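Protein chains in written order, with the working numbering: chain A, 1 to 560; chain B, 1001 to 1560. The block underneath contains the structure these notes are about, expressed in structure tokens.
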């Protein structure tokens, strides 16, 4: 039975495209039904893109902004903001000027979503399925092919600014992963509190043990690092440098300011170069400490998430002005989105559910369904609400197609991202996806197909009632059904079997690739050296530290 | 201390208006601060209303539509509807043409909200605090003064069509409570299933015991009625009649069709009379059985609530066309709203939370914060989102003010409704209310003041953490706070003390007023006679049935 199914796919795929991208198995079920319609659409879309390229002299510029931990509905819908006590007029204006996507799926946490965006693959495939924390001693493998690498081959200027969060090994640095220019934090925002001032403010992390009173029981001086690096800058082929002074409460927000400044400057440089540009700016948005430069909060809500969004919103306004003044507004696709749901579990006050249940880390819709808005004057029609399913990996394939770079997408691995050019240009109802597989770390937790969702994680033997959901009638996944939805049981079984078969054929990387942390910095500090230097003399140990770092780890709570 | 506070109010109120309406005590705290600004606004607003009256020859017409069980956000926000699988384009258009209110509070269930709307008073004051079910043998007291009585005195044609749900006693019939014309169901939609066909479909209610197999233990034939009345029609001073054939699955939806037909006809009649009209149409919206006339559902969602909204939406479109064709569109305020939150506890599939937690019966925001939209071409500015607090009782006072009928509002009782003319005409930020008291049945469950909310019901001794909420940062009332919000504790204490003092001065009616059910119908059926006839010979009883009906009842679950 499996073999039959397998060969069926192969034939369909084989007849449709020569040198095809390998998609997840589910894709071919749709292609078998809609492949001809898609081909017709593609002919029209390709003509349209060729006309635009003719008109502007280059393929479109792409500015991608992706921030943290925001529930679907929190931006882009002014009515909802009126009940939450903050306003993002510039982001909301994007809903008037373009598309407000209501069903963009991501991975459930920062590192996995960012890996999926960069590679066009579910994070589980690149091994980047868990959230990295300082010091991680691992990172995204050099063998992954980022969207920057793909667009670079088609002649794009590429830049990454902001929160990278894809590892602290040198091979995983953004400018080693295909970006011409990079200014990035290897970690998330957690190190914002790892400063002497935070230690004094009773957030005792132990990073500065000289601030403790004497602890006679504190024997092992090798167990944790004595410092951290906030930001690294580099250019393709050029040196890597730590940016800014050593971490201090006065400087954290300077990272954001600098990332924004560099975003605008990179536009100017590319316009001067007469080259198309791709910029992914991933704001730090917030810190675990309020901005010490501010006397008064910007919102009635006052929580760090709302404050961060309002600050980002001001930059979005500036960005549009800048694109206009540089004469490239019409040839630029701007996308703003969140990376996963709100930080509702042990997160800061005010990070809450909006339309969906769950948040960061969860496989319920609240964890993986994020706000996303897109504008492209004259190409994307204004004022659209799009209810179709799309996935963060689709941006990879879609950007590649828009940039004329589809041929540079690797063919030796599964690319989950499908080309959604038709959805962006033709609007509601034109998605080429009706399914998503939702992983938590390395575990497949749930499957989505259209309005139906199957929870594989909490399902219990004995008609547990936690298994099947209809997302139109039960959007919050509160009332699991069995009898009412048994008709989708084997449908999801087949969907999963196809998915597993494809993994057998194209295996996942088991984990993030290990390596020494924070090496290769030109302006290295003593604290940094301590991080990547063996803290005890390895010769005194009966085991090899390198071999230790390669041991598999169990997936645990803090990993997501 | 209480006395001091009391006299303070009296002075403020006494100096501000002669022959003032008695409001809830909290109002005077605001009036003391903003009374002068309000007076200035009122002078301008009165000029504006006088100009409009001059232009149109009458004060404005008012069409009020209030349906059941809908969460804030379910209508008026197309982005949310796109994730729920249904569309109400005509109602949504009202958000473009007028105001989308994001903070309209009601009572938590049908009967209380409808009583509050009719009387301008919290339902607890009129004794109408619990949901009436067939057969109830009680109803809204004749001494209550409805908005129809108030507007009638100012020369309005008044009509009520649809779900009345304010008792089954003759004195509580809609045309005995001030409406010139009435066509109404004395109960809610529950009797829609009390038909022989439903009994056969295994919804055994016992209303038709001849459908049971023989039950040798069924002794008491007086315990329940043997039939029910669905709809009553009448005119002021005229006879009351049961409308339509005896309840049958084929006919339930005819009630809605007829209510809509009469709504449009009443507009025609009033235009012909050259009189302003006030119509409250309260749709049945749905039944506990699908509409047997339909072969196919109207929505992808398919649940009864969504289906009902889409059907209602078509009527809203027709209504606007009709007002236009009758030449009165410009002089008509149209308000559409729900009566309380969704029926999430033991209600039909697909009735779910949207932005807020809880539903019908709950004091959390999900129970009492409903969608409301209002249009008034040329008077209400288009495209507004209003985040101010208002309460369903405010419609009473506001309608009275718009109709030049404020002087007919009774002065011998508390009128909770405040005049919100300024909010309707001037928009966001112009509410004259920043507080709400939320009752569940006769019990005060929670208080709202601005962004703060205090839960009095679940608060436990010992810092229970269930007590204080910030509705901007914790809209779903998930994370009760104590230490963080102790600053509002005594603020809420004072608010409640003022409220209780005022109740002492102007006492509530304890309950709905008792009486025989469904009397006074001209075309009485034998089943109806059985309902109001003592089922056993009263002479054989050692107690008086009338005295029995006057005994107080405990407040229980099914009451809300």
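Virtual Cβ for every residue (Gly too), placed ideally from N, Cα, C. All values reported here derive from a predicted model rather than from experimental measurement.
Which class does residue i belong to by DSSP, given the choice of helix, strand or coil?
i	result
residue 1177 of chain B	coil
residue 1172 of chain B	helix
residue 1120 of chain B	coil
residue 1296 of chain B	coil
residue 402 of chain A	helix
residue 440 of chain A	strand
residue 328 of chain A	coil
residue 566 of chain A	It is not possible to answer for residue 566 of chain A, since the shown part of chain A is limited to 1 through 560.
residue 1390 of chain B	strand
residue 1140 of chain B	coil
residue 356 of chain A	coil
residue 508 of chain A	coil
residue 279 of chain A	strand
residue 67 of chain A	strand
residue 396 of chain A	helix
residue 538 of chain A	helix
residue 58 of chain A	coil
residue 1028 of chain B	helix
residue 550 of chain A	coil
residue 1012 of chain B	Confidence at residue 1012 of chain B is low in this model, with a pLDDT of 40, below 50, so its placement is unreliable and no value can be given for it.
Quick check: residue i and residue j, are their CB atoms within less than 8 Å of each other?
i	j	result
residue 1173 of chain B	residue 1240 of chain B	yes
residue 364 of chain A	residue 477 of chain A	yes
residue 1109 of chain B	residue 1553 of chain B	no
residue 390 of chain A	residue 101 of chain A	yes
residue 1383 of chain B	residue 1360 of chain B	no
residue 183 of chain A	residue 233 of chain A	yes
residue 1309 of chain B	residue 1106 of chain B	no
residue 344 of chain A	residue 65 of chain A	no
residue 1142 of chain B	residue 1128 of chain B	no
residue 1351 of chain B	residue 1305 of chain B	yes
residue 339 of chain A	residue 67 of chain A	yes
residue 380 of chain A	residue 76 of chain A	no
residue 213 of chain A	residue 168 of chain A	no
residue 250 of chain A	residue 290 of chain A	no
residue 1229 of chain B	residue 1518 of chain B	yes
Under 8 Å Cβ-Cβ, which residues of chain A neighbour residue i?
i	result
residue 1431 of chain B	In chain order: nothing, as chain A lies at least about 13 Å away.
Starting from residue i, find everything on chain B with Cβ-Cβ shorter than 8 Å and list it in chain order.
i	result
residue 300 of chain A	1451 and 1472
Please compile the residues from chain B whose C-beta is within a distance smaller than 7 Å of the C-beta of residue i.
i	result
residue 82 of chain A	1102, 1385 and 1387
residue 78 of chain A	1385
Is any beta-carbon of chain A found at less than 8 Å from that of residue i?
i	result
residue 1303 of chain B	yes
residue 1551 of chain B	no
residue 1540 of chain B	no
Which residues in chain A sit within 9 Å of residue i, going by Cβ to Cβ distance?
i	result
residue 1475 of chain B	83, 84, 352, 353 and 354
Using a cut-off of 9 Å between C-beta atoms, extract the partners of residue i located in chain B.
i	result
residue 478 of chain A	1344, 1352 and 1353
Under 7 Å between beta-carbons, which chain A residues line up against residue i? List them in chain order, please.
i	result
residue 1349 of chain B	473
**Message:** Below 8 Å, how does it come out for the segment 157–171 of chain A and the segment 272–284 of chain A: are there three or more Cβ pairs, yes or no?
**Reply:** yes
**Prompt:** Okay, do the segment 1314–1325 of chain B and the segment 431–447 of chain A touch, 3+ Cβ pairs below 8 Å being the bar?
**Reply:** no
**Validate contact between the segment 1022–1037 of chain B and the segment 1404–1415 of chain B using beta carbons, cut 8 Å, 3 pairs** = yes
**Asked** So does the segment 235–255 of chain A actually touch the segment 179–193 of chain A, counting three or more Cβ pairs closer than 8 Å?
**Response** yes
**Asked** Is the segment 116–124 of chain A touching the segment 392–403 of chain A, taking contact as three or more C-beta pairs under 8 Å?
**Response** yes
**Message:** For the structure I just gave you, are there three or more beta carbon pairs, one from the segment 448–461 of chain A and one from the segment 480–496 of chain A, closer than 8 Å?
**Reply:** yes
**Message:** Contact between the segment 1216–1231 of chain B and the segment 1520–1532 of chain B is defined here as three or more beta-carbon pairs at a separation below 8 Å; is this criterion met?
**Reply:** yes
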